[in-house]
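Below you'll find the structure, written out as C-alpha cells, and then a few comments.
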Amino acid sequence: MKEFQKRKIRSLFNYLDLHNRYYHEIFKVYGVDINADGDEMLEMMPILTKADIRKNAESYFSNDDVKVVRELTSGSVGVPLICYKSVQERSQAAMNVWKARRERDPYVSPQNYYNFFDANEHVTGDFANLNEGQLVEYFDQLKTLNLRWMSGPISTIYTMARLINKGRISNSSIKYIELFGEYADVEQRTYIEEAFGCKTVVHYGTRETWCIGYECEKGYLHVQENVMLVETNDKNVQYDNGNSEIIVTSLYNRYMPFVRYNLMDIGKLVYDKCECGKSSPRIILAGGRVGDMVKGKQVLGNNFFNRAVGHLVKRGYDDIERFRVEQVELNHFMLYIVKAETYTDETTCVLKSILKESLGENSEFTFKFVEKIDALPNGKYKNFECLI
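If you read the sequence shown in this note's numbering, its first letter stands for residue 1210, the second for the next number, and so on.
See below:
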C-alpha cells in the first residue's frame, strides 16, 4: 500500500467511525485501531459480501445529509444490490474514468463518446435487444452522431462486428471501443478490432464502485489506485493458475462504503512495473465469477463456451446468433441456441465435437433451438449457468 493510500484509508476509517453505525461496531468487534497504519487497519477488517450489506441495511449507510444517486447491480451472481452514491462521489468516480480514457486518447470527450446503457436509449434505441434488424437500425442512428468512442458489453459489440462482416452495417468514425460489464476474450476482441478497424480497451468495474481497473496502451489492466485498493482472497480461496477472488476497497465511497468487498470475480494481481511505465498493480482476470464455474471441472463456463463457439466460427460455421448453456447434471449440458439461417445439423455435430474435446466423451449435450435469448436488465448476457 502506498503512503497516499494509507492516508486515505486512515481518513476513511475515521470518518466511518463517526458517521457509520455498521463500521463503528465492526471496528470494535475486530479491534481495529483507526489511528494505526493503513495496512494494519485493513488487515484487521473482515471480508465483506453483498449478503452482509443486505443483512445490515438499516445501519450500513453513513448518516451524512447528502443528496444521493441510486443504482442497481446486474445480479449476475445472485439478487441485484441497490447501491447509493452521493452526488459528489459520483462526480469523483466519473472524473476518474474520464482521466483514464484521455490517457488512451486525448481527443475523446463527452460529445464524441457514447455508452449504450447510459440515458441514451431515447437517442438511438435499446442496444440490449440484439435482434439483427433492429441493431442495424440503431447503428444507423448511431452513425449520425459522428462518434469517436463507443462503450458497451462485448456481446453487443461482437454482434455488431458480425453485422459488419455480413455487409449490413459499416463503421465510419469509431476509433476506440470501450468494453465493460462482461469478460473480453482475446479472440472476440481481435474479431471486433478487425471488423471495425479500430482499437478496443477494457474498462473493469462494478456498479458499486465504478471503475476499478483500466487498460493501458500495452494491454494491461491497471488498478485505479487513486480511488481503489485491490487484493486477492488467496489466503482462503484458491483456483488454478494462482487465481483467487478479487477483493476491493473503495477509497472514495463513504455514504455506502465498500471495505474489503468480495466481487466474486476470479483473477490475480501482478505487481512488477508495466511496459507502459506505470507502477500500479495489474489485474489479470481469469474470465468469470465464482458462480460461473462448471461443476466437476476447473473451468469457467462463460469463458469456455464463448471460446468453443469462437472455434466453431473459425472452422467456418458462423451459424449461431446467440446461445446460453445450462449445466443440469454433472455431465449433462442444455444448450439454448438462436440459429442463423445458415445453421445445419452439421453445425450441431461440429460443436458437440469441440465441446467433448475439453469436457470429455462422457459429456452429454441437449440442443434446444429458440427464437430469442433475453439479456439481463442491464443489457449483459450470461452465457452459462450451473443449475446443480
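Ideal Cβ positions, reconstructed from N, Cα and C, are used throughout, including at glycine.
Query, Result
"Is the beta carbon of Leu1372 less than 9 Å from the beta carbon of Leu1344?", "yes"
"Between the beta-carbon of Ile1455 and the beta-carbon of Asn1442, is there less than 9 Å?", "yes"
"Give the C-beta separation of Val1410 and Tyr1392 to the nearest angstrom, bearing in mind that I take them to be a contact with Cβ-Cβ under 8 Å.", "The pair is not a contact, with the Cβ atoms about 15 Å apart (cut-off 8 Å)."
"How long is the line joining the alpha carbons of Thr1477 and Ile1492, rounded to whole angstroms?", "Before going further, note that residue 1477 is Lys rather than Thr in the sequence given. In a straight line, the C-alpha of Lys1477 is about 6 Å away from that of Ile1492."
"Which of helix, strand or coil does DSSP assign to Ile1421?", "strand"
"So Lys1477 is in the alpha helix (DSSP H); what residue range does that whole segment cover?", "Per DSSP, Lys1477 belongs to no alpha helix (DSSP H); it is in the beta strand (DSSP E), 1470-1479."
"Identify whether Cys1292 lies in helix, strand or coil by the three-state DSSP scheme.", "strand"
"With distances taken from CA atoms, which of Gln1214, Ile1401, Tyr1269, Asn1540 is nearest Met1250?", "Gln1214"
"Answer with buried or exposed for Asn1244, where buried requires no fewer than 16 other C-beta atoms within 10 angstroms of its C-beta.", "exposed"
"Could you compute how far the alpha carbon of Tyr1400 sits from the alpha carbon of Tyr1367?", "8 Å"
"Residues in the same chain with beta-carbon distance under 6 Å from Asn1229, minus the five sequence neighbours each way, listed in chain order, please.", "Ser1271"
"Find out if the Cβ-Cβ distance for the pair Glu1387, Trp1358 is shorter than 9 Å.", "yes"
"Taking Glu1298 as the reference, which of Glu1312, Gln1320, Asp1314, Val1275 has the closest Cα?", "Val1275"
"Would you say Gly1594 and Val1534 are within 9 Å of each other, going by their C-beta atoms?", "Gly is not the amino acid found at residue 1594; the sequence shown has Glu there. Contact flag set, yes."
"Judging by CA-CA distance, which residue of Asp1246, Pro1255, Asp1248 is the nearest neighbour of Lys1237?", "Pro1255"
"Looking at Pro1362: is its Cβ nearer than 9 Å to the Cβ of Phe1325?", "yes"
"Could you give the DSSP three-state label for Ser1562: helix, strand or coil?", "helix"
"Determine contact between the segment 1540-1549 and the segment 1575-1585, defined as no fewer than three beta-carbon pairs at a distance below 8 Å.", "yes"
"Closest to Glu1426 by CA distance: which of Glu1440, Lys1408, Tyr1413 is it?", "Lys1408"
"Helix, strand or coil: how does DSSP classify Lys1591 here?", "coil"
"Among residues of its own chain, excluding the 5 on either side of Leu1321, which ones have a beta-carbon nearer than 6 Å to its beta-carbon?", "Here residue 1321 is Asn; the residue named in the question, Leu, does not match the sequence. Cβ within range, chain order: Leu1356, Arg1357."
"Give the single residue among Phe1389, Gly1422, Tyr1448, Gln1433 whose Cα lies nearest to the Cα of Ala1590.", "Sequence check: residue 1590 is Tyr here, not Ala. It is Phe1389."
"Should Pro1490 be labelled buried (16 or more other beta-carbon atoms within 10 Å of its own) or exposed?", "buried"
"Tell me which same chain residues have a C-beta within less than 6 Å of the C-beta of Ile1378, skipping the five on either side of it?", "Val1345, Phe1348, Leu1372"
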